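Worksheet: the structure to be examined is printed underneath.
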Amino acid sequence: MRVLISDPIAKEAIEILKSSGLEPVEQTGLAPEELIKVIPEYDGIIVRSATKVTKEVIEAGKSLKVIGRAGVGLDNVDRAAAKERNIKVVNTPAATSISVAELALGMMFSAARRIPQATVSTKAGKWEKKKFKGFELFGKTLGIIGVGRIGTELAKRATAMGMKVLAYDPYIKTHEQAQIVDFDTLLKESDYISLHIPRTDETAHILNKAAYDKMKDGVVIINCARGGVVDEDALYDAVKAGKVRIAAMDVYESEPAKEHKLFSLEEVIVTPHIGAQTAEGQLRAGVQIAELVRDALKEA
Ligand code: NAD
């Protein structure tokens, strides 16, 4: 059986498919119409985030039995169309949890010591020792909004650093590393707030003006989850007013975010949606998706 690899994945993943007697074919960067043309020849397809597995692709895939997405979100796969045709959809939601948690932790250290701002200043020939007096994370309170896979990995690491960890998650009653609290308590008591929730109707703009007003002065906000869970205009105002000391963002309401109102503020730290972009995370995602696609084709 043939498997189309339409976005780059680890070579170890290709080896897994080959050693299971499958025939993986790497054809990355296909235009939508080219994908529709080639898809009838395949029993499975493996994508990351670039390939859009639309209704048209699924309908053209006459032999398609499985769609594998190496990564978390399934925004680029028309799941309803796949379900209608009885095509299995698999993904690897846990493969990059540690990578994202480590980025959030990196954002916390960056905010505490203002490492990105100090880098810019020092390279510009300034020697601003006084300006860059920072804070320790030890003894501070971290509030995690959404304590699932990534939130839990962050809670473990923050606990190990001597932080007090609170979490707001209406779907979780108890947690080993975090004290579950209500939303307002988390806002009022946290020195650092890190979001690790999916974007849903319930979580859209969960951090809005009313939420910032309840926070401690000088709070640090970290969003390595999804654009849209933070009201970016309200965040801009809160940073400008000094309510939020540092905002660190990996994700944005509109991506790619090549220009953004928040970019003009020195106290905003930004990265281009790189939470899952680590060698280990991508290797894990590739290997796991190859195994899942192999198993689904064996069952078919
Ligand atoms: P998860 O499903 O394991 O955890 C999400 C948690 O959020 C769950 O415990 C759930 O109960 C909780 N939750 C749902 N609605 C909530 C609400 N209204 N209020 C508070 N909590 C709520 O997901 P995960 O794997 O930990 O991923 C978390 C987020 O990180 C997702 O949005 C995911 O898309 C994002 N993510 C970002 C990157 C990146 O590159 N920056 C990479 C991977 C994942």
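Position one of the sequence shown corresponds to residue 1 (our numbering), numbered consecutively onward.
Don't be surprised by glycine CBs; every beta carbon is placed ideally from N, CA and C.
Computed from a prediction, not measured in an experiment: that's the story for all the values here.
Along the beta strand (DSSP E) that carries K359, what are the first and last residues, could you check? Not covered by the structure: residue 359. The range shown for the chain is 1 to 300.
Using the beta-carbon of each residue, find all residues closer than 5 Å to any heavy atom of the ligand NAD and list them in chain order. Listed by chain position, these are V72, V100, G146, G148, R149, I150, D169, Y171, H196, I197, P198, E202, T203, C224, A225, R226, D250, G275, A276.
Could you please give me the residues that DSSP links to L207 through a beta bridge? Beta-bridge pairing by DSSP links L207 to V230.
Consult DSSP for I221 and reduce its assignment to one of helix, strand or coil. In this structure, I221 counts as strand in the three-state DSSP scheme.
In or out: P24 buried (at least 16 other Cβ within 10 Å) or exposed? Result: buried.
Assign Y171 to one of two classes, buried (16 or more other C-beta atoms within 10 Å of its C-beta) or exposed (fewer than that). By the 10 Å Cβ count, Y171 comes out exposed.
Is the CB-CB distance between L207 and Y236 below 7 Å? No, the pair does not count as a contact, with Cβ atoms beyond the cut-off.
Buried or exposed: E27, going by 16 or more other Cβ atoms within 10 Å of its Cβ? According to the sequence provided, residue 27 is Gln. The question's Glu does not apply to it. In summary, Q27 is exposed, with fewer than 16 beta-carbon neighbours lying within 10 Å of its beta-carbon over all protein chains present.
Between which two residues does the beta strand (DSSP E) containing L166 stretch? Under the DSSP assignment, L166 falls in the beta strand (DSSP E) whose first and last residues are 164-168.
Using a beta-carbon distance below 7 Å, is T28 in contact with chain B? Checking the listed chains, one finds no chain B in this structure; it contains a single protein chain.
Grab the span of the alpha helix (DSSP H) containing R157 for me, first residue to last. In the DSSP annotation of this structure, the continuous segment of the alpha helix (DSSP H) that includes R157 starts and ends at 149-160.
Expected contact under 8 Å - CB spacing of E253 and G227 to nearest Å: Contact flag correct, Cβ pair sits at about 4 Å.
Is the region 121-139 in contact with the region 174-182, if contact means three or more CB pairs nearer than 8 Å? Output reads no: the region 174-182 does not touch the region 121-139.
What does the alpha-carbon distance come out to for the pair A81 and V72? Their Cα atoms are separated by approximately 19 Å.
Given L283 as reference, the closest of I16, R294, I58, S6 once Cα atoms are compared: Among I16, R294, I58, S6, the Cα nearest to that of L283 belongs to I16.
Threshold first: 4 residues or longer. Then list the alpha helix (DSSP H) segments lying entirely within the region 52-79, N to C. Qualifying alpha helix (DSSP H) stretches, in chain order: 55-60.
Could you tell me which residues DSSP puts in a beta bridge with M249? BP columns for M249 point to N223, V270.
What is the residue span of the alpha helix (DSSP H) that V293 lies within? Residues 279-299.
So D342 packs on S63, CB below 8 Å; how close in whole Å? Nothing about residue 342 can be reported from this structure: the residues present for the chain run from 1 to 300 only.
List the whole-angstrom C-beta distance separating A303 from A70, where the pair is believed to meet the contact cut-off of C-beta under 8 Å. The displayed coordinates of the chain run from 1 to 300. Any statement about residue 303 would go beyond what the structure contains.
Starting from I46 and walking both ways along the beta strand (DSSP E), at which residues does that stretch end? Start and end: 44-47.
Can you give the Cα-Cα distance for I222 and G61, rounded to whole angstroms? Roughly 41 Å separates the two Cα atoms.
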